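Student:
Number of protein chains: 2
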Amino acid sequence: MIGSGGVQADFCTTCTVRPNSVCSVIEPGDISRLAEVAVESIVPPGRGFIEEGAPATDFFNVTSGTVKLFKALPDGRRQITGFAAPGHFLGLAVSDSYAFGAEAVDTVRVCRFSREKMTELLDDFPKLERRLLEEASNELVAAQNQMLLLGRKTARERVASFLLDQMHAGLPPGQDGNGGRLHLPMTRGDIADYLGLTIETVSRTLSWMRAQGMIEVGKGYAITVLSVAKLEVLAAGNG
Amino acid sequence: MIGSGGVQADFCTTCTVRPNSVCSVIEPGDISRLAEVAVESIVPPGRGFIEEGAPATDFFNVTSGTVKLFKALPDGRRQITGFAAPGHFLGLAVSDSYAFGAEAVDTVRVCRFSREKMTELLDDFPKLERRLLEEASNELVAAQNQMLLLGRKTARERVASFLLDQMHAGLPPGQDGNGGRLHLPMTRGDIADYLGLTIETVSRTLSWMRAQGMIEVGKGYAITVLSVAKLEVLAAGNG
DNA sequence: CGGGTAGTTGATGGTCATCAAGGGGGGTGG
DNA sequence: CCACCCCCCTTGATGACCATCAACTACCCG
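Here it is in structure tokens:
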């Protein structure tokens with residue numbers, strides 16, 4: 001993990017994800033305060049930067065790339081609890097240790113804030129706290145959806161739900177992306193750990209969807225959704 | 240659902256769960272503000288008081304009893320995302336409609352706040368917002384644990400985890416309850432919907448644990464945990 | 001006594017995990 | 001440049017775990 005001090009005054013001014021992140025609530029005049037406490041890091045693919053159970057010293061803001069968040073059992077079984085896209089805020093653990101691990105899926109850039117600096121910011125900018133509450137509430141809704149998926153949906157329903165989620169991810173509401181073309185940065189193993197399945201089941205299910213004419217599976221990490229309607233029928237629980 | 244206006248000045252002063260709830264951050268001198276906007280309701284067992292998808296007009300604070308929170312699929316499959324004990328705050332939906340339903344398990348009393356009154360309170364008492372963020376963060380941690388359970392644990396591991404959670408629920412940390420004696424207010428069906436299992440599997444698993452000498456299953460809703468250690472081995476993933 | 005709900009236990013089957021084999025792409029080193 | 005390896009993915013065969021279907025008991029209330 002490469003760190004570079006955020007001492008430049010324009011560090012946050014030029015940040016492309018600021019409009020989508022919690023930082024957007026800081027007024028332009030106060031942005032320098034933000035830049036003073038932010039440290040940018042680049043995390044290579046596969047590298048972890050939050051260890052489950054370790055002391056929670058920092059908060060993070062993803063500025064580019066995709067991060068996987070996960071919990072693990074002693075024997076190695078792993079559950080990915082979410083993927084964090086640019087703009088996502090990480091580290092909302094109240095206790096003094098992280099309740100989850102975080103690892104870069106592809107090349108990731110994050111802004112790091114120390115816990116104490118963050119507390120100062122919260123004291124000075126009440127809007128920031130409100131924004132964090134909003135962020136946390138959104139995550140709670142997502143978590144509840146995921147619990148429904150993990151507890152009650154079949155493999156096909158899970159994969160369909162996942163593909164639909166990915167189509168809407170990172171897009172403003174009401175937009176449907178570019179013709180259903182997806183570029184998933186994560187491996188089949190990651191998808192499996194996210195959906196509570198095995199690699200083989202994910203692979204088989206995607207193949208089945210391809211045979212049904214619902215999707216096209218391209219090279220690398222490309223998937224094209226051909227029929228959103230069919231996927232929605234599946235995801236809603238008819239499959 | 241029976242409503243009674245919270246116009247009494249001592250309404251919140253005498254509230255037994257205030258120390259454990261978000262209301263604790265309101266200074267004694269300002270408690271009247273709280274009492275003005277709170278409306279107490281009594282909800283009989285099995286009655287729902289938050290409907291998934293309905294406009295989110297109110298916030299709730301559980302003052303006695305147990306509430307189940309759930310999401311459902313069109314065909315009736317249901318996932319209980321959590322049980323809310325006294326002191327628990329409900330309704331943290333950012334969007335304008337509830338993302339989940341809520342239903343009384345046993346007889347429940349709740350304090351209801353209208354959304355707009357709550358917003359006023361948040362403006363006047365910044366501490367309240369911080370407390371809510373704390374509450375939301377705790378729920379997120381619980382949600383992540385539940386995702387691990389639903390996605391990666393076996394039936395036995397799930398039931399063991401559930402029983403252990405119930406032993407610690409509603410107790411201050413470091414306390415181990417009264418000799419492992421539990422009084423679960425929810426039915427086998429509720430437990431099944433919470434753990435992503437069926438009624439039969441929950442029942443069979445409890446019978447198996449009884450045969451192993453881990454628990455005693457009493458009449459009604461009583462369960463006595465005889466060996467916390469064995470359950471912990473199971474819950475951690477050796478079963 | 002009859003009906004309804006909740007729980008337990010048994011028999012059977014389906015869905016998905018596990019075990020196993022093979023293909024394809026990208027990297028490194030000869 | 002090609003051989004080699006490793007990782008990721010796919011596909012097949014088998015089996016385990018848990019859902020489903022079903023019967024029965026206990027309990028509560030009218």
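Just so you know, the sequences run in chain order Y and A. Everything in the first sequence is counted per the numbering used here, starting at 1 for the first residue and increasing by one. Everything in the second sequence is counted per the numbering used here, starting at 240 for the first residue and increasing by one. Cβ coordinates follow ideal geometry from the N, Cα and C atoms, glycine included. All values derive from a computational prediction rather than experimental measurement.
(1) Step through the CB atoms of chain Y and report whether any lies within less than 8 Å of the CB of residue 333 of chain A.
(2) Return the residues of the region 344-377 of chain A that lie within a Cβ-Cβ distance of less than 7 Å from chain Y, sorted by chain order.
(3) Could you compute how far the alpha carbon of residue 387 of chain A sits from the alpha carbon of residue 72 of chain Y?
(4) Shorter than 8 Å from the beta carbon of residue 468 of chain A to some beta carbon of chain Y?
(5) What did DSSP end up calling residue 245 of chain A once you bin it into helix, strand or coil?
(6) For residue 461 of chain A and residue 61 of chain Y, I'd like the C-alpha separation in whole angstroms.
(7) Please return the same chain residues whose Cβ sits closer than 7 Å to the Cβ of residue 17 of chain Y, not counting the five positions on each side in sequence.
(8) Please state whether the Cβ-Cβ distance between residue 440 of chain A and residue 454 of chain A is less than 8 Å.
(9) Who are the neighbours of residue 316 of chain A on chain Y, taking C-beta pairs under 7 Å?
(10) From A:458, A:400, A:435 and A:457, pick the residue whose C-alpha is nearest to that of residue 468 of chain A; which is it?
(11) Using 8 Å for Cβ pairs, my map puts residue 394 of chain A next to residue 436 of chain A. What's the rounded Cβ distance?
(12) Can you give the Cα-Cα distance for residue 284 of chain A and residue 357 of chain A, rounded to whole angstroms?
(13) As an exercise, report each continuous alpha helix (DSSP H) stretch of at least 4 residues that is fully enclosed by the region 381-446 of chain A, in chain order.
(14) Entirely within the region 277-337 of chain A and at least 4 residues each: give me those alpha helix (DSSP H) ranges in chain order.
(15) Determine, using beta carbons only, whether residue 141 of chain Y comes closer than 8 Å to chain A.
(16) State the DSSP-derived secondary structure class of residue 464 of chain A, mapped to helix, strand or coil.
(17) Just the Cα atoms here: how many angstroms apart are residue 133 of chain Y and residue 92 of chain Y?
(18) Measuring alpha carbon to alpha carbon, tell me which residue in A:294, A:261 and A:249 is nearest residue 370 of chain A.
(19) Taking the alpha-carbon positions, what's the residue 102 of chain Y to residue 26 of chain Y distance?
(20) Which one of A:389, A:390, A:333 and A:403 has the shortest CA to CA distance from residue 138 of chain Y?
(21) Let me check understanding here. Comparing Cα to Cα, which of Y:48, Y:12, Y:105 and Y:150 lies closest to residue 40 of chain Y?
(22) Does the CB of residue 28 of chain Y have a neighbour CB from chain A at under 8 Å?
(23) Judging by CA-CA distance, which residue of A:258, A:318 and A:346 is the nearest neighbour of residue 339 of chain A?
(24) Report yes if the C-beta distance between residue 354 of chain A and residue 444 of chain A is below 8 Å; otherwise report no.
(25) Residue 544 of chain A: buried (16+ other C-beta within 10 angstroms of its C-beta) or exposed?
(26) What in chain Y is Cβ-close to residue 320 of chain A, meaning under 7 Å?
(27) Please report the straight-line C-alpha distance between residue 254 of chain A and residue 429 of chain A, rounded to a whole angstrom.
(28) Which partner residues does residue 364 of chain A have in the DSSP bridge list?
(29) In whole angstroms, give me the CA-to-CA distance for residue 363 of chain A and residue 281 of chain A.
(30) I want to verify the contact list: residues of chain A whose CB lies under 7 Å from the CB of residue 99 of chain Y, in sequence order.
(31) Compile a chain-ordered list of the residues in the region 189-208 of chain Y whose CB is closer than 7 Å to at least one CB of chain A.
(32) Kindly say whether residue 71 of chain Y, judged by its beta-carbon, lies nearer than 8 Å to any beta-carbon of chain A.
(33) Check the DSSP bridge columns for residue 217 of chain Y and list the partner residues they point to.
(34) Would a C-beta distance cut-off of 8 Å place residue 236 of chain Y and residue 313 of chain A closer than the cut-off?
(35) Going by C-alpha distance, which of A:290, A:391, A:459 and A:269 is nearest residue 420 of chain A?
(36) Would you tell me roughly how many angstroms separate the C-alpha atoms of residue 271 of chain A and residue 368 of chain A, rounded to the nearest one?
Tutor: Well, looking at it:
(1) Taking the second sequence and counting its residues from 1, the one referred to as residue 333 of chain A is at position 94. Chain Y, which has a Cβ nearer than 8 Å to the Cβ of residue 333 of chain A, makes this yes.
(2) 365, 368, 369, 371, 372, 373, 375, 376 and 377
(3) Indexing the second sequence from 1 puts residue 387 of chain A at position 148. Indexing the first sequence from 1 puts residue 72 of chain Y at position 72. Each residue's Cα considered, the two are about 7 Å apart.
(4) In the second sequence, counting from the first residue as 1, residue 468 of chain A sits at position 229. Answer no: the Cβ-Cβ gap between residue 468 of chain A and chain Y never drops below 8 Å.
(5) Locating residue 245 of chain A in the second sequence gives position 6, counting from the first residue. Interpretation of residue 245 of chain A is limited by its pLDDT of 49, a score under 50 that renders its predicted location unreliable; no figure is taken from the coordinates.
(6) The count along the second sequence starts at 1 and reaches residue 461 of chain A at position 222. The count along the first sequence starts at 1 and reaches residue 61 of chain Y at position 61. C-alpha separation (whole angstroms): 46 Å.
(7) Numbered from its first residue, the first sequence carries residue 17 of chain Y at position 17. Apart from sequence neighbours up to five positions away, the residues of its chain that approach residue 17 of chain Y with a beta-carbon distance below 7 Å are 63, 86 and 87, ordered along the chain.
(8) Taking the first residue of the second sequence as 1, we reach residue 440 of chain A at position 201. Taking the first residue of the second sequence as 1, we reach residue 454 of chain A at position 215. Cβ atoms of residue 440 of chain A and residue 454 of chain A: not closer than 8 Å.
(9) Along the second sequence, read from residue 1 onward, the residue named residue 316 of chain A stands at position 77. Here the neighbours are 152 and 237.
(10) In the second sequence, residue 468 of chain A corresponds to position 229, counting from 1. The shortest Cα separation from residue 468 of chain A among A:458, A:400, A:435 and A:457 belongs to A:400.
(11) By one-based count along the second sequence, residue 394 of chain A stands at place 155. By one-based count along the second sequence, residue 436 of chain A stands at place 197. With a Cβ gap of about 6 Å, residue 394 of chain A and residue 436 of chain A count as contacting.
(12) Walking along the second sequence from the start, residue 284 of chain A turns up at place 45. Walking along the second sequence from the start, residue 357 of chain A turns up at place 118. So the two alpha carbons sit approximately 27 Å from each other.
(13) 394-407 and 427-434
(14) none
(15) Here residue 141 of chain Y corresponds to residue number 141 of the first sequence, with the count starting at 1. Using beta-carbon distances, residue 141 of chain Y counts as an interface residue toward chain A, with a partner under 8 Å.
(16) Here residue 464 of chain A refers to the residue found at position 225 when the second sequence is read from its first residue. Strand at residue 464 of chain A.
(17) For this step, residue 133 of chain Y is matched to residue 133 along the first sequence. For this step, residue 92 of chain Y is matched to residue 92 along the first sequence. Cα to Cα, residue 133 of chain Y sits roughly 10 Å from residue 92 of chain Y.
(18) Here residue 370 of chain A is taken as the residue at index 131 of the second sequence, counted from 1. With distances taken between Cα atoms, residue 370 of chain A lies closest to A:261.
(19) By 1-based counting over the first sequence, the position of residue 102 of chain Y is 102. By 1-based counting over the first sequence, the position of residue 26 of chain Y is 26. If you take the alpha carbons of residue 102 of chain Y and residue 26 of chain Y, they lie about 26 Å apart.
(20) Start at 1 with the first residue of the first sequence, and residue 138 of chain Y comes out as number 138. Nearest C-alpha to residue 138 of chain Y: A:333.
(21) To locate residue 40 of chain Y, count along the first sequence from 1; it is residue 40. Cα-wise, what sits closest to residue 40 of chain Y is Y:12.
(22) Taking the first residue of the first sequence as 1, we reach residue 28 of chain Y at position 28. For residue 28 of chain Y, the answer is no, since every Cβ of chain A falls outside 8 Å of its Cβ.
(23) As a first step, residue 339 of chain A is located in the second sequence; it is residue number 100 there, counting from the start. Here the closest residue by C-alpha is A:318.
(24) Taking the first residue of the second sequence as position 1, residue 354 of chain A is located at position 115. Taking the first residue of the second sequence as position 1, residue 444 of chain A is located at position 205. Result no, Cβ atoms of residue 354 of chain A and residue 444 of chain A do not sit closer than 8 Å.
(25) In the structure as shown, chain A starts at 240 and stops at 478, and residue 544 of chain A therefore has no counterpart that could be examined.
(26) Translated into positions along the second sequence, residue 320 of chain A becomes position 81. For a Cβ distance threshold of 7 Å, residue set 144 and 147 of chain Y lies close to residue 320 of chain A, ordered along the chain.
(27) For this step, residue 254 of chain A is matched to residue 15 along the second sequence. For this step, residue 429 of chain A is matched to residue 190 along the second sequence. Answer to the nearest angstrom: the Cα atoms are 29 Å apart.
(28) Taking the second sequence and counting its residues from 1, the one referred to as residue 364 of chain A is at position 125. Partner(s): none; residue 364 of chain A has no beta bridge.
(29) As a working mapping, residue 363 of chain A is identified with position 124 in the second sequence. As a working mapping, residue 281 of chain A is identified with position 42 in the second sequence. Between residue 363 of chain A and residue 281 of chain A, the C-alpha separation is close to 28 Å.
(30) Numbered from its first residue, the first sequence carries residue 99 of chain Y at position 99. Listed along chain A are 380 and 383, each with a C-beta nearer than 7 Å to that of residue 99 of chain Y.
(31) 196
(32) In the first sequence, the residue the question calls residue 71 of chain Y occupies position 71. True, the Cβ-Cβ gap to chain A drops below 8 Å.
(33) The count along the first sequence starts at 1 and reaches residue 217 of chain Y at position 217. Answer by DSSP bridge pairing, in chain order: Y:223.
(34) In the first sequence, residue 236 of chain Y corresponds to position 236, counting from 1. In the second sequence, residue 313 of chain A corresponds to position 74, counting from 1. A contact, by the Cβ cut-off of 8 Å.
(35) Residue numbering aside, residue 420 of chain A sits at position 181 when the second sequence is read from its first letter. For residue 420 of chain A, the nearest C-alpha among the options comes from A:459.
(36) Here residue 271 of chain A refers to the residue found at position 32 of the second sequence. Here residue 368 of chain A refers to the residue found at position 129 of the second sequence. Computed Cα separation, rounded: 18 Å.
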